[in-house]
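S.K.: At position 131 of the sequence shown (counting the first as 1) the number is 132 in the working numbering, and the numbers step up by one without a gap. Sharing a structure with you now.
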Amino acid sequence: MRTTADRDAAVAVWLADSLNRPAGAREQWEEYHLAVLALGRRFSAVRLADDLVYAVAATAGPVTATAALRRLRGPVIHDVRGHRFYALVPPSPPSQSLGPYATYLGLGNYIGVPRVGDAEPVERLAAYWVVPMATPGALCDPMQLADLIETGTAILGVETTA
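Have a look at this one:
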């Protein structure tokens, strides 16, 4: 049976391997609790406005933003200072527009990824895992993410274009 530490180590290796020099990620996590990782090869990200996520959570009954994001079945980072969430997704771009509250970030983009295990907001840290990566390569379900974006955009009163 794998321990949480084993799982976290495997996830960290998988994430760091998005770089040509994975040791750089490990050094950044050690020193800054945040590593700048390349998008588009192993994984991409969809940047979600805080307003979108909080709108979905507010209309889902007594649900927190974290609970709403768990429905994506994959890892999500919260950039506290930037007021954004980042859902980690497979590297293929979406087939439709994401609307004004979400942006696909793929090849040629980079993202600040918190150290694996930093799953609580801490004042001195810029970002944390709202939903940690369960296993190496386990990414958000694009269909669930599209539903969340569509729902949030409708709540906020702006229609998406197909």
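In this text, a Cβ means the ideal position worked out from N, Cα and C, and glycines have one as well. Predicted model only: the values in this text are computed from it and were never measured.
Out of curiosity, what's the CA-to-CA distance linking ARG85 and LEU35?
M.R.: Straight-line Cα distance between these residues: approximately 16 Å.
S.K.: From this set, PRO122, GLN97 and ARG43, which residue's C-alpha is nearest LEU108's C-alpha?
M.R.: Of PRO122, GLN97 and ARG43, the residue nearest in Cα terms is ARG43.
S.K.: From THR5 to ASP148, what distance separates their C-alpha atoms?
M.R.: C-alpha separation (whole angstroms): 31 Å.
S.K.: Scan the region 122-158 and note each continuous alpha helix (DSSP H) run of 4 residues or more that stays entirely inside, going in chain order.
M.R.: You should have 143-156.
S.K.: Once DSSP output is grouped into helix, strand and coil, what is the label at ALA68?
M.R.: If DSSP states are grouped into helix, strand and coil, ALA68 belongs with the helices.
S.K.: Just how far apart, CA to CA, sit ALA10 and GLY158?
M.R.: ALA10 and GLY158: Cα-Cα distance of roughly 42 Å.
S.K.: Run the CB neighbour count on SER19, radius 10 Å, all protein chains shown included, and call it buried at 16 or more, exposed below.
M.R.: Classification of SER19: buried, given that the 10 Å Cβ count is 16 or more.
S.K.: Is it buried or exposed for PRO115, if we count other Cβ within 10 angstroms and need 16 for buried?
M.R.: With 16 or more other Cβ atoms within 10 Å, it is buried.
S.K.: Three-state secondary structure (DSSP) at ALA56?
M.R.: DSSP places ALA56 in helix when its eight states are reduced to three.
S.K.: Ignoring anything shorter than 3 residues or poking outside the region 18-42, list the beta strand (DSSP E) runs there in chain order.
M.R.: DSSP runs (the beta strand (DSSP E)) wholly in the region 18-42: 35-39.
S.K.: Could you name the residues of the same chain whose beta carbon sits closer than 7 Å to that of ALA128, not counting the 5 residues immediately before and after it, in chain order?
M.R.: For ALA128, where only same-chain residues beyond five positions count, the Cβ hits under 7 Å are LEU35, ILE78, HIS79, ASP80, VAL81, GLY113 and PRO115.
S.K.: I believe PRO133 touches VAL90 by the beta-carbon criterion, under 8 Å. Please report the beta-carbon distance rounded to the nearest angstrom.
M.R.: Not quite, the Cβ-Cβ distance comes to about 16 Å (not below 8 Å), so this is no contact.
S.K.: Could you pull the DSSP bridge partners for PHE86 from this structure?
M.R.: Paired residues: LEU49 and HIS79.
S.K.: According to the Cβ coordinates, are LEU99 and SER45 closer than 8 Å?
M.R.: For LEU99 and SER45, no; Cβs fall outside 8 Å.
S.K.: Please list, in chain order, all residues of the same chain as ASP51 whose beta carbon is under 8 Å from its beta carbon, the five residues on each side excluded.
M.R.: Excluding positions up to five away in sequence, the list reads HIS84, ARG85 and PHE86.
S.K.: For TRP130 versus PRO76, is the C-beta spacing smaller than 8 Å?
M.R.: Their beta carbons are under 8 Å apart, which means TRP130 touches PRO76 by this criterion.
S.K.: Taking all protein chains shown into account, decide if ALA88 is buried (16 or more other Cβ within 10 angstroms of its Cβ) or exposed.
M.R.: Burial call: buried.
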